[in-house]
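2 protein chains.
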Amino acid sequence: MNENPQPPTPPVRPATRRPGGRSARVRGAVHQAVTDLLAERGYGTFAVAEVAARAGVADSSIYRRWGSLESLLMDVVVSRLTEHSPMPDTGSLAGDLRAFAAKAAADVSGADGLALLRTVVTVLTAGPSGEAARDRFLGARSEQLQGMLDRARARGEEAPDVLDVLDVVLAPMYIRVLFGVGPLTPDYVDGLIDRLLAR
Amino acid sequence: MNENPQPPTPPVRPATRRPGGRSARVRGAVHQAVTDLLAERGYGTFAVAEVAARAGVADSSIYRRWGSLESLLMDVVVSRLTEHSPMPDTGSLAGDLRAFAAKAAADVSGADGLALLRTVVTVLTAGPSGEAARDRFLGARSEQLQGMLDRARARGEEAPDVLDVLDVVLAPMYIRVLFGVGPLTPDYVDGLIDRLLAR
Numbered sequence: 057m058n059e060n061p062q063p064p065t066p067p068v069r070p071a072t073r074r075p076g077g078r079s080a081r082v083r084g085a086v087h088q089a090v091t092d093l094l095a096e097r098g099y100g101t102f103a104v105a106e107v108a109a110r111a112g113v114a115d116s117s118i119y120r121r122w123g124s125l126e127s128l129l130m131d132v133v134v135s136r137l138t139e140h141s142p143m144p145d146t147g148s149l150a151g152d153l154r155a156f157a158a159k160a161a162a163d164v165s166g167a168d169g170l171a172l173l174r175t176v177v178t179v180l181t182a183g184p185s186g187e188a189a190r191d192r193f194l195g196a197r198s199e200q201l202q203g204m205l206d207r208a209r210a211r212g213e214e215a216p217d218v219l220d221v222l223d224v225v226l227a228p229m230y231i232r233v234l235f236g237v238g239p240l241t242p243d244y245v246d247g248l249i250d251r252l253l254a255r
Numbered sequence: 057m058n059e060n061p062q063p064p065t066p067p068v069r070p071a072t073r074r075p076g077g078r079s080a081r082v083r084g085a086v087h088q089a090v091t092d093l094l095a096e097r098g099y100g101t102f103a104v105a106e107v108a109a110r111a112g113v114a115d116s117s118i119y120r121r122w123g124s125l126e127s128l129l130m131d132v133v134v135s136r137l138t139e140h141s142p143m144p145d146t147g148s149l150a151g152d153l154r155a156f157a158a159k160a161a162a163d164v165s166g167a168d169g170l171a172l173l174r175t176v177v178t179v180l181t182a183g184p185s186g187e188a189a190r191d192r193f194l195g196a197r198s199e200q201l202q203g204m205l206d207r208a209r210a211r212g213e214e215a216p217d218v219l220d221v222l223d224v225v226l227a228p229m230y231i232r233v234l235f236g237v238g239p240l241t242p243d244y245v246d247g248l249i250d251r252l253l254a255r
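Sequence lines, in order, name chains U and B. Here the first sequence is numbered in my numbering, starting from 57 and rising by one per residue. Here the second sequence is numbered in my numbering, starting from 57 and rising by one per residue.
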């Protein structure tokens, strides 16, 4: 095994990857800068220039790509609550829901969980731009959840609706974090899934 | 009937009522000004001077009584979500919970419901002053609810915990309003109570 020598150079990446690669790096650096600023100082305490300086990009790169600070914040929080929570696929609805809920709890707990949720609420409730953000956030979240629930139904399991998951699992976790009511312990989170499945 | 002439002057109010009466009027006018400004323009768009002008009181009256705009906002939102929702006493737990939930839904629906909830979240999550507000808000809310649940237990009914009511009834309503997911219809709100009582 492994007798063939490594090729002298890594294979050339397809040309189409390059812009995506650079673009993805800029996006990652800018998102990280926003996440750090939100955690350290909170919503409403920084401007595009500060994000750009921290991310090592030009202000104009941010304006060209996101248009405004609000729009950038929206992108960051929607990404944090969707891309970073890929849907589990454990083979059973209960397993999927427990893994999903544990990840969702972790996302809003810890050092910057409150800052994140606070920003979500601020951005999602900000008039017309908030409506667009709500549609995007809920659209992304619903689509992921719907896929999980559809897989369960395809296996012959009875599955709740997406809005039941919002009402029974996500809403209590979000409100407990926002209102500062105790930590989201594994037992607590499992209890929410029990309540969802007890139908 | 009604043959006695009206007394020439209304009865003199006890002296102790006067300061309370004036104080309550100032409080009412200031609270109304804040509520209107929140509904019309939203959180973070006005200063104490504007509240004072609208309420017809001096800036110094507001600073003397509330200390800061944040503290005033806290007082308004806590009052709106507690004093304006007196606990029903219908004689049965289910009846009490349904009346309570309908009132709570009405409080956060309508023209300024979103502005109110948005302010609650902003104020309650604002660092150390937010912690004090959370304690006050949750304390007031819990005490009211606890009384209702204790009455049910005294009648021999099995009653949920205060935090169950938060998780199952209030959290979904608050999150649906914040995320803009459909109206809180009477059927929806009744369904939350059904879920709470199905144990």
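In this text, a Cβ means the ideal position worked out from N, Cα and C, and glycines have one as well.
DSSP, read as helix, strand or coil, puts B:Tyr-99 in coil. Identification of chain B residues near U:Tyr-230 by a Cβ-Cβ cut-off of 8 Å yields Ala-227 and Ile-231, ordered along the chain. Your pair U:Val-224 and U:Leu-248 checks out as a contact, with CB atoms roughly 6 Å apart and the cut at 8 Å. Per DSSP, reduced to three states, the secondary structure at U:Ser-124 is coil, with no helix or strand assignment. Along the region 180–199 of chain B, going in chain order, the ones with a CB nearer than 9 Å to a CB of chain U are Leu-180, Thr-181, Ala-182, Gly-183, Gly-186, Glu-187, Arg-190, Asp-191, Phe-193 and Leu-194.
Here U:Gly-123 is not near U:Ala-85, since their CB atoms are 8 Å or more apart. Distance from the Cα of U:Arg-120 is smallest, within the candidate group U:Val-132, U:Val-134, U:Val-104 and U:Arg-110, for U:Val-104. Given a length threshold of 4 residues, each whole run of the alpha helix (DSSP H) inside the region 177–225 of chain U is given here in chain order: 183–210 and 218–221. Linking B:Gly-212 to B:Asp-206 through their CA atoms gives a straight-line distance of about 10 Å.
Between U:Phe-235 and chain B, the shortest Cβ-Cβ separation is below 8 Å.
Leaving aside the five residues that flank U:Ala-182 on each side, the residues in its chain whose CB is nearer than 8 Å to its CB run, in chain order, Glu-126 and Ala-189.
Within the model, the alpha-carbon separation for U:Ile-118 versus B:Val-90 is close to 36 Å. Counting C-beta atoms within 10 angstroms of its own C-beta, U:Ala-171 has 16 or more neighbours from the protein chains shown and is therefore classed as buried.
The beta-carbon separation of U:Val-164 and U:Val-245, rounded to 11 Å, does not stay under the 8 Å limit for a contact.
Boundaries cannot be given for B:Ala-254, as no alpha helix (DSSP H) includes it and DSSP labels it neither H nor E. No residue range can be given for B:Val-237, since it is assigned to no alpha helix (DSSP H) and is classified by DSSP as neither H nor E. U:Val-179 is positioned such that its CB atom lies closer than 8 Å to that of U:Gly-186. At a Cβ-Cβ threshold of 8 Å, U:Val-132 and B:Val-177 do not count as neighbours.
Chain-order list of chain U residues neighbouring B:Arg-174: Val-177, Thr-178 and Thr-181, by C-beta distance under 8 Å. Interface with chain B (8 Å Cβ-Cβ cutoff): U:Asp-223 is included.
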